[in-house]
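In my numbering, the protein residues as written are 11 to 488. See structure below.
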Ligand code: FAD
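In structure tokens form, the structure reads like this:
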């Protein structure tokens, strides 16, 4: 895209020179996605300070016919925030907590507040904002809503979509939609906020949100469990869900290879169980009842499962520090895969009842396709979401391995599709899965998505080339 001196001058005039970045060393962090898989290009990076400035930037770009790519923390895993020309609009300076209403159990925040800050503000008010991701120190709430982020607490509290009551959005023409309602019941026409949640910056720019808060648990218990296989993990999950209901707040699985590499690459980490097991589960109970400590309830439930022969072994965190150490084994898994060379990732979901079948079929198919391949299938199991990641064979060239990404997409996504699953469970579509969406989405659904895009962004200026592209337009290559 040729530089547009008039647009840059107008942006500088509106935001001040310090907040319109054009120098390569300043724009660099906004051009590369978190794993270095894709590098983009942009005319400039604009850093507005409030909703009025965001609206002004979008209106100026609409007038100039220049695309706008919203960015929060740039931690997305589908290259949705990587610009392919146009202007990067960083929401980072919209970082105010506007209000907390403890009686209504809501918090109103601007899009650029880091997720960890939203959690901390809720905590200071004696409440809980439950959305929790390993990237929570860097990602921002606007990005969480734009991607409908999931994470480790979905089992009990739902995705980002389930946590939002109202939104403020700048539309493609620069108008501001003030939908900052703090209502739990509101059937006054179409529920517009849900159009923007999960739309990855392609339908509007989220500038603020009203979010739900919850009572803070009085206690939690964390267990690390050794099991024979994923079928046993599913049986344990059902048993714990029946027993604890909403108090079962996490059920994550880690395969033996995953535990091996976390222990290998995490200084000071120790194996929580002595023997090897076919698979592992990280289980959390939490409770708001002071008279019913969650740790005790979890210990009793696991003891019963042990006696029933469902569980092979289990370790319980005896303190909050030990709970955190057990969680770290799960949370460090994404990071340590880098240390094992190239990693081809699939963020997928299937109905819970079909998880063991999915894991067995997809693992068999991938291992047959490349001898020496190391499958690392881990994740949020309890909500049907698995990160079906593949680590390169030892000694293989990294670039050559990553060149096989499309071939493995076909193998894994075909299995997911056949089992009634989703090829994009929580990270979204972005650039990386745009063509996969065309392949697997219901044609009527795809048509509706394209019509919505045209209705809300008729000139195709909001994050073009991501999620859906017009029929017959191949879009820029991923
Ligand atoms: P960005 O990366 O900046 O943007 C993501 C997309 O949203 C882009 O398409 C962008 O254009 C758009 N966007 C950003 N802000 C706005 C806005 N204000 N208005 C409109 N569009 C906007 N994700 C999960 O769901 N669950 C996990 O468990 C999880 N774990 C992770 C762990 C690690 C270590 C890392 C690096 C990432 C993880 N992610 C996870 C992915 C990522 O953190 C989430 O997708 C997060 O919600 C993105 O937030 P962000 O602010 O970084 O958004």
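Every residue gets a Cβ at the ideal spot worked out from N, C-alpha and C, and that includes glycine. Computed from a predicted structure; not experimentally measured.
Alpha-carbon to alpha-carbon, residue 158 and residue 359 = Distance between the alpha carbons of residue 359 and residue 158: 15 Å.
Cβ-heavy atom distance between residue 209 and the ligand FAD below 8 Å?
-> Distance from the C-beta of residue 209 to the nearest heavy atom of the ligand FAD is below 8 Å.
Cα separation between residue 265 and residue 369?
-> Whole-angstrom Cα-Cα distance: 11 Å.
How long is the line joining the alpha carbons of residue 37 and residue 194, rounded to whole angstroms?
-> Answer to the nearest angstrom: the Cα atoms are 41 Å apart.
By DSSP, does residue 296 sit in helix, in strand, or in coil?
-> In the structure shown, residue 296 sits in a strand (DSSP, three-state: E or B).
Give the DSSP-derived three-state secondary structure of residue 366 in the structure shown.
-> Secondary structure of residue 366 (DSSP, three-state): helix.
Roughly how many angstroms separate the alpha carbons of residue 242 and residue 55, rounded to a whole number?
-> Approximately 50 Å between the Cα atoms of the pair.
Among 64, 76, 60 and 34, which residue has its Cα nearest to the Cα of residue 15?
-> Minimum Cα distance to residue 15 is reached at 76.
Beta carbon of residue 22, beta carbon of residue 53: below 9 Å?
-> Cβ distance not < 9 Å, so residue 22 and residue 53 don't count as in contact.
State the start and end residues of the unbroken alpha helix (DSSP H) segment that holds residue 120.
-> Here residue 120 belongs to no alpha helix (DSSP H); instead the beta strand (DSSP E) covers 116–120.
Between residue 178 and the ligand FAD, is the CB less than 8 Å from at least one heavy atom?
-> Result no, Cβ not under 8 Å from the ligand FAD.
Consult DSSP for residue 85 and reduce its assignment to one of helix, strand or coil.
-> Of the three classes helix, strand and coil, the one that applies to residue 85 here is coil, per DSSP.
Report yes if the C-beta distance between residue 329 and residue 231 is below 9 Å; otherwise report no.
-> Their beta carbons are not under 9 Å apart, which means residue 329 does not touch residue 231 by this criterion.
For the segment 247–259 against the segment 150–157, are there 3 or more C-beta pairs whose distance is under 8 Å?
-> Contact fails between the segment 247–259 and the segment 150–157, because fewer than three Cβ pairs, one in each stretch, are under 8 Å apart.
So residue 37 is in the alpha helix (DSSP H); what residue range does that whole segment cover?
-> Segment 34–41, the alpha helix (DSSP H) holding residue 37.
For residue 417, which residues of its own chain have a beta-carbon under 8 Å away from its beta-carbon, when the five flanking residues on both sides are left out?
-> Answer for residue 417: 379, listed in chain order.
Cβ-Cβ distance between residue 210 and residue 86 below 9 Å | Judged by beta-carbon spacing, residue 86 lies within the 9 Å limit of residue 210, meaning their Cβ atoms are closer than that value.
When the Cα atoms are used, what is the spatial distance from residue 108 to residue 184?
-> Their Cα atoms are separated by approximately 22 Å.
Beta bridge counterpart(s) of residue 395 as assigned by DSSP | Answer by DSSP bridge pairing, in chain order: 359.
So does the segment 387–399 actually touch the segment 259–276, counting three or more Cβ pairs closer than 8 Å?
-> Yes, since at least three Cβ pairs between the segment 387–399 and the segment 259–276 fall closer than 8 Å, the two stretches touch.
Specify, as a first and last residue, the run of the alpha helix (DSSP H) that residue 3 falls within.
-> Only positions 11 to 488 of the chain appear in the structure, and residue 3 is not among them; the question remains open.
So what does DSSP say about residue 274, is it helix, strand or coil?
-> Residue 274: helix per DSSP, three-state reduction.
Taking C-beta to C-beta, are residue 450 and residue 469 nearer than 9 Å?
-> In this structure, residue 469 does not lie closer than 9 Å to residue 450 by Cβ.
Taking only heavy atoms of the ligand FAD into account, decide whether any of them is closer than 8 Å to the Cβ of residue 232.
-> Result no, Cβ not under 8 Å from the ligand FAD.
To which residues does DSSP link residue 222 through a beta bridge?
-> DSSP, once it has assigned bridges, lists 116 as partnering residue 222.
From residue 130 to residue 481, what does the alpha carbon distance come to, in whole angstroms?
-> Taking the straight line from one Cα to the other gives about 44 Å.
Proximity to residue 95 [Cα-Cα], best of 471, 299, 198 and 160 = Residue 471 holds the alpha-carbon nearest to the alpha-carbon of residue 95 among 471, 299, 198 and 160.
State yes or no: is the C-beta of residue 149 nearer than 8 Å to some heavy atom of the ligand FAD?
-> Residue 149 has its Cβ nearer than 8 Å to a heavy atom of the ligand FAD.
Under 8 Å from any heavy atom of the ligand FAD, does the C-beta of residue 204 make it?
-> Not one heavy atom of the ligand FAD is found less than 8 Å from the C-beta of residue 204.
Do residue 390 and residue 317 have their C-beta atoms closer together than 9 Å?
-> For the 9 Å CB-CB criterion, residue 390 and residue 317 do not form a contact.
Kindly indicate the opening and closing residues of the beta strand (DSSP E) around residue 416.
-> No beta strand (DSSP E) holds residue 416; the alpha helix (DSSP H) holding it covers 415–428.
CB-CB under 7 Å to residue 11, same chain, minus the five flanking residues each way: which ones, in chain order?
-> Residue placement at residue 11 is poorly supported in this model, since its pLDDT is 43, which falls under 50; the coordinates still yield a value, given next. Cβ neighbours of residue 11 beyond the five flanking positions: 53, 95 and 96.
Taking all protein chains shown into account, do 16 or more other C-beta atoms lie within 10 angstroms of the C-beta of residue 347, making it buried, or fewer, making it exposed?
-> Label assigned to residue 347: buried.
State the start and end residues of the unbroken alpha helix (DSSP H) segment that holds residue 164.
-> Counting along the chain, residue 164 sits inside the alpha helix (DSSP H) bounded by residues 164–167.
Segment contact, 8 Å Cβ cut-off, at least three pairs: the segment 66–75 with the segment 193–207 = No: the two stretches stay apart, fewer than three of their Cβ pairs being nearer than 8 Å.
Close beta carbons around residue 403, own chain, < 8 Å, minus the five adjacent residues each side | Closer than 8 Å at Cβ, skipping near neighbours: 380, 381, 382, 383, 384 and 411.
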